[in-house]
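Count the sequence shown with the working numbering and you get residues 256 to 737, in order.
Heads up, the beta-carbon is just placed ideally off N, CA and C, and yes, glycines get one too.
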Amino acid sequence: MTKEAAATASIEDDKKNVSHSEQEEGMADTMTAEERFVDSFPEKQKKKLLRKMDLHIIPCLILLYLMSYIDRANIGNAKIEGMNEDLGLTGNQYNVVLSIFFVTYIIFEMPSNFILENYFHNRPSWWIGIITVAWGILMTLHGIVQNYGGILTVRLLMGVFEAGLFPGAILFMNKWYTKYELATRFSLFYVGSALSGAFSGLLAYAFSLMDGVSGVAGWLSEEEQRYLTTRMTLQDGGAKLQKAGSHFSWSLLWDVVSDWQFYIMVFNYWSNTVPTYGLKFTMPQIMKNMGFTNSNAQLMTVPPYVAGAISAYCFGRLSDKFKRRSYFLIIPQSMLIVAYSILTPLAPKIKDNIGACYFAIVLASIGLYPINPGSSSWISNNLAGPAKRALGIAYMTSLTNLGGIGASYIFIDSESPAYPTGFGTSLAFGALGIVASVTLDVIYIRINKRRSEISEAEVREKYSDEDLAVLGDKSPLFRYTL
């Protein structure tokens with residue numbers, strides 16, 4: 256290179272450095288006080304604060320979800336200990352008892368989140384406490400029912416009060432954690448579902464051996480409270496935009512019900528819900544079909560759920576780390592296909608294929624439990640505005656639990672031990688989940704690309720800040736999480 260060329264290059268570099276420096280200064284000048292506060296918050300203190308939040312929030316939610324899932328799923332353990340005979344259940348009455356819970360559970364999810372967001376938004380613990388005590392009482396009443404009508408009544412009422420826990424907890428976590436912190440926390444929360452299966456088995460084993468025997472201010476500093484509140488406000492576009500998107504209206508309800516993404520995302524959820532409930536309700540019987548005694552069959556249900564809990568956490572961490580949702584749904588959904596492809600041909604002779612079938616059940620659990628937290632974080636990321644997020648999460652959960660009704664009927668006693676309907680349906684929903692994940696990913700990419708072709712200046716020329724807040728995820732400035 257000649258001296259002249261080198262000098263010219265040096266001058267150009269200096270210009271670029273000056274220009275870059277000016278840009279940084281300009282950006283600093285345009286930052287609000289809130290943005291500067293959040294930006295300057297020490298990284299070490301952020302990590303410490305996140306750990307503090309995790310220790311105060313997540314264990315309580317896990318415990319609540321653990322108890323709620325034990326309540327609804329341990330009926331499968333009760334069945335192999337003679338519940339059907341004790342209550343005089345015949346034909347498909349057991350399946351009706353399973354499905355009736357989901358009728359009220361689905362109906363009351365949106366009303367519960369509406370009450371939580373509009374009347375208990377400052378003290379969600381009150382509402383969650385009320386419904387928890389109510390379904391705890393109803394669960395206790397299971398022990399005194401004497402017939403088919405009694406068990407139907409308590410299951411129906413239990414669905415009313417348990418309906419608010421899952422969507423309420425998802426909404427609650429959305430108020431504390433930013434978008435790429437959610438999948439890890441959702442997965443930890445959903446660990447309660449997996450562990451409930453393990454605890455159900457352990458508790459049922461213990462009971463089988465008894466046959467014949469008779470607040471914020473307290474743990475957050477003012478600066479930490481300000482940081483947490485401010486960062487969530489900034490994520491929603493600022494206080495003014497957050498407020499504009501927080502009001503309920505009938506048009507907002509229509510916006511939720513008519514949003515296309517729910518009706519594709521639901522197949523992701525169903526790839527979890529249908530196989531999970533089917534397996535939870537039937538796993539003790541499957542273990543018994545392998546030749547285990549009642550007590551040992553209960554114990555053999557524990558390892559698959561433990562594996563599922565570990566899997567849910569690992570996939571959640573990876574999803575947040577790589578900031579990608581679809582990949583970490585497709586991988587576990589693929590595991591489902593492998594697992595049920597093993598079970599479908601081998602289950603008719605399950606006693607001759609205990610090792611392969613048990614491995615397939617463990618693999619199915621590893622694939623099942625990451626799907627729900629992954630889907631929940633994906634849909635939460637892609638709903639803009641507090642009000643739409645509150646209604647949308649509840650509506651999504653209602654659609655999801657329609658799968659629970661179907662799951663109550665796919666494992667038919669007369670088809671034991673092969674269960675072709677149960678295993679075949681689970682395999683099909685795993686495949687549908689992959690199709691849904693790929694479809695959503697492609698559509699989101701195309702919408703983001705189309706929106707990026709319009710400059711922000713053009714958008715702001717056409718819309719006010721309030722207009723953009725009302726548009727929410729339909730705003731030209733909104734980008735879908737992939």
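Taking the Cα of residue 389 as reference, the smallest distance to any Cα among 413, 381, 353 is reached at 413. Cβ atoms of residue 655 and residue 525 come within 8 Å of each other, at about 7 Å. With respect to the C-alpha of residue 447, the residue from 332, 313, 474 having the closest C-alpha is 313.
In the structure shown, residue 736 adopts coil according to DSSP, grouped into three states. For residue 309, the enclosing alpha helix (DSSP H) covers residues 298-328. Within the same chain, and ignoring the five residues on either side of residue 490 in sequence, the residues whose Cβ sits closer than 8 Å to its Cβ are 433, 434. With 16 or more other Cβ atoms inside 10 Å of its own Cβ, residue 368 counts as buried.
Distance from the CA atom of residue 392 to the CA atom of residue 386, rounded to whole angstroms, is 10 Å. Assignment of residue 403 by DSSP, reduced to helix, strand and coil, places it in the helix class. Annotation for residue 552: 539, 542, 543 place their beta carbon closer than 6 Å to its own, counting only its chain and skipping 5 residues before and after. In this structure, residue 648 places its C-beta atom within 8 Å of the C-beta atom of residue 425.
For residue 581, same chain residues with a beta-carbon under 8 Å away, outside a window of 5 residues either side, are 633, 692, 693, 695, 696, 737 in chain order. For the options 336, 548, 723, 734, the alpha carbon positioned closest to that of residue 704 is the one of 734. The beta carbon of residue 479 sits closer than 6 Å to those of 304, all from its chain and outside the five residues before and after it, given in chain order.
Counting C-beta pairs closer than 8 Å gives fewer than three between the stretch 294-304 and the stretch 416-431, which falls short of the contact rule. Judged by DSSP in its simplified three-state form, residue 598 adopts helix.
Residues of the same chain with their beta carbon placed closer than 7 Å to that of residue 395 are lacking, with the five preceding and five following residues left out of the count. Remark: C-beta atoms of residue 360 and residue 449 do not approach each other more closely than 8 Å.
Check the Cα spacing between residue 602 and each of 349, 670, 402: the tightest is with 670. In this structure, DSSP gives residue 397 a helical state, which the three-state scheme calls helix. The stretch 329-345 and the stretch 618-628 do not touch, with fewer than 3 CB-CB distances between them shorter than 8 Å.
Just so you know, the alpha carbons of residue 700 and residue 570 end up roughly 22 Å apart.
Put simply, of 659, 399, 724, 408 the residue whose alpha carbon is nearest the alpha carbon of residue 639 is 724. Below 8 Å, enough C-beta pairs join the stretch 672-691 and the stretch 593-610 to call them touching: three or more.
When the beta-carbon positions are compared, residue 530 and residue 684 come within less than 8 Å of each other.
Boundaries of the alpha helix (DSSP H) harbouring residue 647: 641-662, taken from the DSSP string. The beta-carbon separation of residue 663 and residue 407, rounded to 13 Å, does not stay under the 8 Å limit for a contact. A Cβ-Cβ contact shorter than 8 Å links residue 537 with residue 666. By the CB criterion at 8 Å, residue 651 and residue 517 fall inside the cutoff. In this structure, residue 629 lies near residue 583, with their beta-carbon atoms less than 8 Å apart.
Runs of the alpha helix (DSSP H) lying entirely within the stretch 327-399, each at least 4 residues long, are 330-335, 338-342, 348-362, 364-374, 379-396 in chain order. Here the alpha carbon of residue 397 sits roughly 17 Å from the alpha carbon of residue 350.
Distance from the CA of residue 319 to the CA of residue 383, rounded to the nearest whole angstrom, comes to 9 Å. When secondary structure is reduced to three states using DSSP, residue 418 falls in the coil class, being assigned neither helix nor strand.
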